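Engineer: These protein sequence lines are chains W and B, in that order.
Each residue of the first sequence is one higher than the one before, counting from 1 in the numbering used here.
Each residue of the second sequence is one higher than the one before, counting from 1001 in the numbering used here.
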Amino acid sequence: MSPAHEVRLPLAFIPPGTEVRLAALGDEIDPLQREQLTAYGLASGRPIKVLQQRPMTVILADEVELALEHAVARHIWVEKSPVVA
Amino acid sequence: MTNSSSAANAILLVGHPNVGKSVLFHRLTGAYVNVSNYPGTTVEVTRASARFDREAMLLDTPGVLALPSRSDDERATMRALLNESSRCLVQVGDAKNLRRTLTLTALLAELGVPMVLALNMHDEAAARGVMVDIPALSEELGIPVLATVATGGEGIGELTHGLGHASRAEALLRYDPEIEADIERMADAITRLAPHPLLAARGLAILYLGGDSVVADWLAEHAGKQLAQLEALRQAASERADGDLPALLARERTEAADALASSVIQRAVRSSPLLSQRLGQYVVHPLWGVPILLGVLYAVYQFVGVFGASVLVGLMEKDLFEGILNPAFTDFINAMIGPGWLQEVLVGQYGLWTMGMTYALALILPIVTTFFFAFGVLEDSGYLPRLTVIANRLFALIGLNGRAVLPMVLGLGCVTMATLTTRILHSRRERLITIFLLALAIPCSAQLGVVLGMLGGVSFTAVIVWAIAMVGILLLAGFLAAKLIPGRRIPLVTELPPLRLPIIANVLKKTGGRLKWYLIEVIPLFLLGTFIMFALDKSGALPAIIDAGEPLVSGWLGLPKEASAAFVMGFLRRDFGATGLFSMAHSLSPIQAVVGMITITLFIPCFASLMMMVKEQGTKVALGMVAVIVPFAFLVGGLFNLLLRAVWS
């Protein structure tokens, strides 16, 4: 588990090429869409690689590429700590 | 809706969207379904008898992102699970994303139906360095697990063999003890009050506690007055739960899937991304995405608009039909039955052969064939989901998200098909706006081919004027519709499947299937339309309509008055109307050609898609759309007539 003081950043702020770990899905995201994200495998602690940020946030999670609008990526909280295998 | 089969002979294909269920279905049955490389193409359950066992009925279900069901697709799949007499389930999973596959397995396993797991797209997993220890996974799950590559036909023999050994899967997890106690209480109650003939009560209990509305409806139907007991148990369980119960259940399944996946996956370290991944990123690149899109559109235009609509149509219409078939057929009819009304019905000016079949086969068929082929290549290449990313910002202007680009592009093939596909959109508001725009401003391939063929013959400028008018009207109408229709826009979240080199044999099969669907629909309507034209002409009604329409068609639109006939035909099929204008192309000026095409494109779509609109949105909404679209088409056409005459002469 990550230390409590670890800084959490919105996924939309992370530069392409960076690997991060998912911390939480914000409450601002529509509940149905939150379930959808969970079903895509975005659970807390999961490693995510940011591929690009424009025109949309594109991430690689578990060999699956997902494109997310910034309105959603803005409310996905991630931690920049190195991924522990 | 699904029908129950009499004996337990149904084999259900279940799995996530875009994992290859429909291709596998085709491999196992030889039957054709609309298959695309984007999620949500199977909007209804499709059934066909299996090649390997005549008794068995294979069912292809819409992809589920997760169960308990939340979306229309998931509900359709859940209904199939509840109502079909399943002999076994085939879970089709994406080999490179085992975690997600096993999260669904964790739920399906609880249903107590014999199952088999087909890990599809094994080649892509291998290319990404993902190795699944299949014997180990099979042992852990207690069911046959097979690696397949459905597009290439690999592993299909093993899969059919595996079906004979389908067995009930071992549970992947025990839930948290408190939740487990609630599940047991609920399962006991279901066993007493509403037992399912096939599915295990425990599985239903988990789904019901997880908030599945289809299971809730089924239980309500079968438990009758005792439903209150089940509801009370569910209420108590969610009050006891430390948080949202459906979310807790889902999280525990994810954890179990995660643990099992980690134990059977070996990941080779890859130094650089695959070529297909790099290409995939260029396609959605902020700088390169748009030029690539323009290049793709240009290639499609060359293939459909130039090769299909000019070269092939020229060969078919001028050389084959007008040169050989029509004179021969006319001579034959004249010799056999001589002049008279029957001769006119068959080979006259509005003859079933000389007009109906000639339009359908010589003008439309080459265009539709080339379009469906080009669309099939785009679908199988994985380009279309990336198009949603490129188009997202544009679609945000009209209150939609990029996902709506898929029905719109499909609408360029067939608006009827596309209207059905709007089910992939998540809200009623998005579906309503998209169906309206499809009906108004999206020309289907038959019509598009006619438009491109006709305006291409005029000048490239004419094509550009028409295209700008269409995009402008689409955006304007969409903008207004988004302002008028209440509701919120849903931001886009979409999966981008890998870019793949399409397998031409599969594209051809798909094109063939779509053409068959199209011809079965189009030829009777063309013949009916021709006959109505004949009847209107003979009864003297057509000249009357042409005269009555003159102020509108000639005065306002500036077209020759005979063009009224094309609009009458347009009521039956929009492309039929456009074809009517196409056949008088030589007598139209460039401005008349552009105005005619703009008006007929905006005009209501064909009868079949109107019926589909009624089916999807109800009679009231569909008629309301028609009441807006028809006057709007003439209004805009007339405005363009005035505008073009002022600036382009």
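Backbone N, C-alpha and C define an ideal beta-carbon position, used for all residues, glycine too.
Bear in mind the structure is a predicted one, so any value in this text is a computation, not a measurement.
1. When burial is assigned at 16 or more other CB atoms within 10 Å of the CB, is V1471 (chain B) buried or exposed?
2. List the residues of chain W that G1650 (chain B) touches, going by C-beta distances under 8 Å, in chain order.
3. Between P1291 (chain B) and chain W, is any beta-carbon pair separated by less than 8 Å?
4. Quick check for students: name the residue ranges of the beta strand (DSSP E) that lie wholly in the segment 1103–1134 of chain B, counting only runs of 3 or more.
5. Which residue wins for smallest C-alpha separation from L1146 (chain B), given the options B:G1152, B:S1589, B:L1119, B:E1562?
6. Rounded to the nearest angstrom, how far is the Cβ of A1048 (chain B) from that of A1031 (chain B), given a contact under 8 Å?
7. How big is the Cα-Cα spacing for G1289 (chain B) and V1405 (chain B)?
8. Between B:A1441, B:F1603, B:F1582, which has its C-alpha nearest L1363 (chain B)'s C-alpha?
9. How about V20 (chain W): is its C-beta nearer than 8 Å to some C-beta of chain B?
10. Closest Cβ-Cβ distance between G41 (chain W) and chain B: below 8 Å?
11. Check whether the Cβ atoms of V72 (chain W) and L9 (chain W) sit closer than 8 Å, and answer yes or no.
12. Between Y1038 (chain B) and chain W, is there a C-beta pair that is closer than 8 Å?
13. Please identify, using Cβ separations under 7 Å, the residues of the segment 53–78 of chain W that lie next to chain B, in order along the chain.
14. For chain W, check one thing: does any of its Cβ atoms lie closer than 8 Å to the Cβ of K1096 (chain B)?
15. Under 8 Å, with one C-beta from each stretch per pair, do the segment 1120–1128 of chain B and the segment 1143–1160 of chain B reach the 3-pair mark?
16. Pairs of beta-carbons, one from the segment 24–43 of chain W and one from the segment 1490–1497 of chain B, closer than 8 Å: are there three or more?
17. Candidates B:H1016, B:E1084, B:P1068: which alpha carbon is nearest N1009 (chain B)'s?
18. With I1433 (chain B) and G1402 (chain B) assumed to form a contact (beta carbons below 8 Å), what rounded beta-carbon distance in angstroms separates them?
19. What does L37 (chain W) reach in chain B if we use C-beta pairs closer than 9 Å?
20. Within the same chain, show all residues whose beta-carbon is closer than 6 Å to that of S1036 (chain B), passing over the 5 residues directly before and after it, in chain order.
21. Kindly list, in the order they appear in chain W, the residues whose Cβ is closer than 9 Å to that of N1392 (chain B).
22. DSSP on V1463 (chain B), reduced to helix/strand/coil?
23. Who are the neighbours of I1490 (chain B) on chain W, taking C-beta pairs under 8 Å?
24. Quick one, are the C-beta atoms of R54 (chain W) and P1286 (chain B) less than 8 Å apart?
25. Considering only DSSP beta bridges, list what C1088 (chain B) is partnered with.
26. My parser needs the alpha helix (DSSP H) runs of 4 or more residues fully inside the segment 1390–1433 of chain B; what are they?
27. Less than 6 Å between C-beta atoms, sequence neighbours within five positions excluded: which residues of the same chain meet that for G1411 (chain B)?
28. Could one say the Cβ of V1347 (chain B) lies closer than 8 Å to chain W's Cβ atoms, at least one of them?
29. Under a CB-based cut-off of 8 Å, is P1062 (chain B) close to chain W?
30. Are the C-beta atoms of A1066 (chain B) and some chain W residue less than 8 Å apart?
31. Could you tell me whether the Cβ atoms of I1183 (chain B) and A1169 (chain B) are closer together than 8 Å?
32. Over the uninterrupted alpha helix (DSSP H) stretch that includes I1546 (chain B), give me the two end residues.
33. List the whole-angstrom C-beta distance separating P1590 (chain B) from S1459 (chain B), where the pair is believed to meet the contact cut-off of C-beta under 8 Å.
34. Could you tell me whether the segment 1451–1468 of chain B touches the segment 1305–1312 of chain B, where touching means 3 or more Cβ pairs closer than 8 Å?
35. Under 8 Å, with one C-beta from each stretch per pair, do the segment 1510–1528 of chain B and the segment 1592–1604 of chain B reach the 3-pair mark?
36. Mind checking whether F1607 (chain B) and A1633 (chain B) have CB atoms under 8 Å apart?
Structural biologist: Taking the geometry as given:
1. In the second sequence, the residue the question calls residue 1471 (chain B) occupies position 471. Counting Cβ neighbours within 10 Å, V1471 (chain B) comes out exposed, since fewer than 16 surround it.
2. One cannot answer for residue 1650 (chain B) here, as it falls past the ends of chain B, which runs 1001 to 1649.
3. Counting from one through the second sequence, the residue named residue 1291 (chain B) turns up at place 291. With 8 Å as the cut-off, P1291 (chain B) does not count as an interface residue toward chain W.
4. 1115–1120, 1130–1132
5. Taking the first residue of the second sequence as 1, we reach residue 1146 (chain B) at position 146. Measuring from the Cα of L1146 (chain B), the nearest candidate turns out to be B:L1119.
6. Within the second sequence, the letter at position 48 stands for residue 1048 (chain B). Within the second sequence, the letter at position 31 stands for residue 1031 (chain B). Going by Cβ atoms, the distance from A1048 (chain B) to A1031 (chain B) rounds to 4 Å, so yes, they are a contact pair.
7. Translated into positions along the second sequence, residue 1289 (chain B) becomes position 289. Translated into positions along the second sequence, residue 1405 (chain B) becomes position 405. So the two alpha carbons sit approximately 15 Å from each other.
8. Residue numbering aside, residue 1363 (chain B) sits at position 363 when the second sequence is read from its first letter. Out of B:A1441, B:F1603, B:F1582, B:F1582 has the C-alpha closest to the C-alpha of L1363 (chain B).
9. Start at 1 with the first residue of the first sequence, and residue 20 (chain W) comes out as number 20. No, V20 (chain W) does not count as interfacial toward chain B.
10. Within the first sequence, residue 41 (chain W) is the residue found at index 41, counting from 1. Chain B, which has a Cβ nearer than 8 Å to the Cβ of G41 (chain W), makes this yes.
11. Counted from its first residue, the first sequence places residue 72 (chain W) at position 72. Counted from its first residue, the first sequence places residue 9 (chain W) at position 9. Against a cut-off of 8 Å, the Cβ pair of L9 (chain W) and V72 (chain W) comes out as no contact.
12. Here residue 1038 (chain B) refers to the residue found at position 38 of the second sequence. Summary for Y1038 (chain B): the model assigns pLDDT 44, below 50, so the residue's position carries little reliability, and this model does not support an answer.
13. R54, P55, M56, V58, D62, E63, V64, E65, L66, A67, L68, E69, A71, V72
14. On the second sequence, residue 1096 (chain B) is found 96 positions in, with the first residue counted as 1. Interface residue, yes.
15. yes
16. yes
17. The sequence position of residue 1009 (chain B) within the second sequence is 9, counting from 1. Out of B:H1016, B:E1084, B:P1068, B:E1084 has the C-alpha closest to the C-alpha of N1009 (chain B).
18. Within the second sequence, numbered from 1, the residue matching residue 1433 (chain B) stands at position 433. Within the second sequence, numbered from 1, the residue matching residue 1402 (chain B) stands at position 402. With a Cβ gap of about 14 Å, I1433 (chain B) and G1402 (chain B) do not count as contacting.
19. Walking along the first sequence from the start, residue 37 (chain W) turns up at place 37. The contacting residues are V1493.
20. Indexing the second sequence from 1 puts residue 1036 (chain B) at position 36. Below a pLDDT of 50, predicted positions are generally treated as unreliable, and S1036 (chain B), at 46, falls in that range; no measurement from the model is reported.
21. Here the question's residue 1392 (chain B) lines up with position 392 in the second sequence. Those within 9 Å of N1392 (chain B) in chain W are P55, M56, A67, E69.
22. Here the question's residue 1463 (chain B) lines up with position 463 in the second sequence. Correct three-state label for V1463 (chain B): helix.
23. Taking the first residue of the second sequence as 1, we reach residue 1490 (chain B) at position 490. Within chain W, the residues near I1490 (chain B) are D30, Q33.
24. Taking the first sequence and counting its residues from 1, the one referred to as residue 54 (chain W) is at position 54. Taking the second sequence and counting its residues from 1, the one referred to as residue 1286 (chain B) is at position 286. Yes, the Cβ-Cβ distance between R54 (chain W) and P1286 (chain B) is below 8 Å.
25. As a working note, residue 1088 (chain B) is residue 88 in the second sequence. In the DSSP output, where bridge partners are listed per residue, C1088 (chain B) has B:I1011.
26. 1405–1411, 1415–1421
27. As a position in the second sequence, residue 1411 (chain B) is number 411, starting the count at 1. Result list for G1411 (chain B): A1418, L1438, I1442, in chain order.
28. Taking the second sequence and counting its residues from 1, one reaches residue 1347 (chain B) at position 347. For V1347 (chain B), the answer is no, since every Cβ of chain W falls outside 8 Å of its Cβ.
29. Locating residue 1062 (chain B) in the second sequence gives position 62, where the first residue counts as 1. P1062 (chain B) does not count as touching chain W.
30. Along the second sequence, read from residue 1 onward, the residue named residue 1066 (chain B) stands at position 66. Yes, its Cβ sits closer than 8 Å to a Cβ of chain W.
31. Reading the second sequence from its first residue, position 183 is the one you call residue 1183 (chain B). Reading the second sequence from its first residue, position 169 is the one you call residue 1169 (chain B). Not a contact, by the Cβ cut-off of 8 Å.
32. Locating residue 1546 (chain B) in the second sequence gives position 546, where the first residue counts as 1. Element bounds for I1546 (chain B): 1541–1550.
33. Stepping through the second sequence from its first residue, residue 1590 (chain B) is reached at position 590. Stepping through the second sequence from its first residue, residue 1459 (chain B) is reached at position 459. That belief holds up - the Cβ atoms of P1590 (chain B) and S1459 (chain B) are roughly 7 Å apart, short of 8 Å.
34. yes
35. no
36. The sequence position of residue 1607 (chain B) within the second sequence is 607, counting from 1. The sequence position of residue 1633 (chain B) within the second sequence is 633, counting from 1. Their beta carbons are not under 8 Å apart, which means F1607 (chain B) does not touch A1633 (chain B) by this criterion.
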